[in-house]
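J.: Here it is, the structure, as structure tokens.
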Amino acid sequence: MKWMVYGLLLANLAVLAWSFRSAPPEPVVQSAPADAETLVLLKEPGPEPGEVEAIPEPDHAQPEPVAVEPQRLCWGLGPFAKRAQGRTAVELLSKQGITAGVQTVGLPDLEGHWVLLPPFSSRGAARDAIDELKAKGIKDYFLVATGEMKNAVSLGVFSRPETAARRVQDLRERGLEPQVEPVPLPQREYWLDLGAAETDVATVERALGLLAADFPEVNWLQHPCGQ
Numbered sequence: 013m014k015w016m017v018y019g020l021l022l023a024n025l026a027v028l029a030w031s032f033r034s035a036p037p038e039p040v041v042q043s044a045p046a047d048a049e050t051l052v053l054l055k056e057p058g059p060e061p062g063e064v065e066a067i068p069e070p071d072h073a074q075p076e077p078v079a080v081e082p083q084r085l086c087w088g089l090g091p092f093a094k095r096a097q098g099r100t101a102v103e104l105l106s107k108q109g110i111t112a113g114v115q116t117v118g119l120p121d122l123e124g125h126w127v128l129l130p131p132f133s134s135r136g137a138a139r140d141a142i143d144e145l146k147a148k149g150i151k152d153y154f155l156v157a158t159g160e161m162k163n164a165v166s167l168g169v170f171s172r173p174e175t176a177a178r179r180v181q182d183l184r185e186r187g188l189e190p191q192v193e194p195v196p197l198p199q200r201e202y203w204l205d206l207g208a209a210e211t212d213v214a215t216v217e218r219a220l221g222l223l224a225a226d227f228p229e230v231n232w233l234q235h236p237c238g239q
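Numbers in the numbering used here are just positions in the sequence shown, counted from 1, shifted up by 12.
Right under this line is the structure:
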């Protein structure tokens, strides 16, 4: 019996020794002393908080200044309502040794009023209508040969509506039924070009004096040459 107790005790001691040998050792945590300094990683010096690091601007070469030639100015005299008036003025100045040319200046279109007999079914029917106009003593007409109003008979284009209304009234009194259509009227005026700004003011004033009797409304201006 005593030997049995000794055997059990030896077996327990063997199992206890085996468990200590097979268990992994626990890691040892070393605490730093209270008065030890904290390790700080070294890095490149940066801006202080609240500061923005300035980024150098690229070195761009400044372009060389371009020399701009001053715009040449020319003298103009006008306006003239008709090209023929401008040509007459050119002849007057030419006799006094002043050279000038006539320039056309476009203006915004006006709305015109076209009085006409609506398009007929054929060219022959339109010519019959023209014969009727002749018989009634009506003048100033022409036959429209092309376009949307082909075979219509035009009876005049007027810039003022009251003038067109009088024409319509006269035609109706003669037994016709004309109609009025809006149409754009190109507007132009004419100026005399005296050339570049080298023309002295005295020459311009002399030209105005020469034209004052026949064209009292004419004045002068300066404008970019070629425009």
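Each residue gets a CB set at the ideal place from its N, CA and C atoms; glycine is no exception. Given the structure is predicted, the values throughout are model-derived calculations rather than measurements.
(1) Considering only residues of the same chain and omitting the five flanking positions on each side of alanine 141, which have a CB-CB separation below 8 Å?
(2) Can you name the start and end residues of the beta strand (DSSP E) that valine 216 belongs to?
(3) Go ahead and label leucine 119 buried or exposed: buried means 16 or more other beta carbons lie within 10 angstroms of its beta carbon, across all protein chains shown.
(4) Would you call aspartate 143 buried or exposed, if buried means 16 or more other Cβ atoms sit within 10 Å of its Cβ?
(5) Would you call the stretch 209–228 and the stretch 185–197 in contact, with 3 or more CB pairs under 8 Å?
(6) Contact defined as beta carbons within less than 8 Å: I believe lysine 162 pairs with valine 156. What is the distance between those atoms, to the nearest angstrom?
(7) To the nearest angstrom, how far is it from the Cα of valine 117 to the Cα of alanine 147?
(8) So alanine 112 packs on leucine 105, CB below 8 Å; how close in whole Å?
(9) Just the C-alpha distance for lysine 151 and leucine 167, rounded to the nearest angstrom, thanks.
(10) List the whole-angstrom C-beta distance separating valine 127 from valine 180, where the pair is believed to meet the contact cut-off of C-beta under 8 Å.
(11) Write down every uninterrupted run of the beta strand (DSSP E) in the stretch 89–143 whose length is 3 residues or greater and which is fully enclosed by it, in chain order.
(12) In terms of residue numbering, what span does the alpha helix (DSSP H) encompassing valine 180 cover?
(13) DSSP puts aspartate 205 in a beta bridge; with which residues?
(14) Quick one: what does DSSP say leucine 188 is sitting in, helix, strand or coil?
(15) Suppose the cutoff is 8 Å on Cβ atoms and the five residues either side in sequence are ignored; what does the same chain contact list for glycine 124 look like?
(16) From glutamine 115 to alanine 96, what distance separates their C-alpha atoms?
T.: Concretely, from the data shown:
(1) Leu129, Phe132, Val165
(2) Counting along the chain, valine 216 falls outside any beta strand (DSSP E), though it belongs to the alpha helix (DSSP H) covering 213–223.
(3) exposed
(4) exposed
(5) no
(6) 6 Å
(7) 42 Å
(8) 5 Å
(9) 8 Å
(10) 6 Å
(11) 113–129
(12) 173–185
(13) Gly88, Gly113
(14) coil
(15) Val169, Phe170, Ser171, Pro194, Val195, Pro196, Leu197
(16) 12 Å
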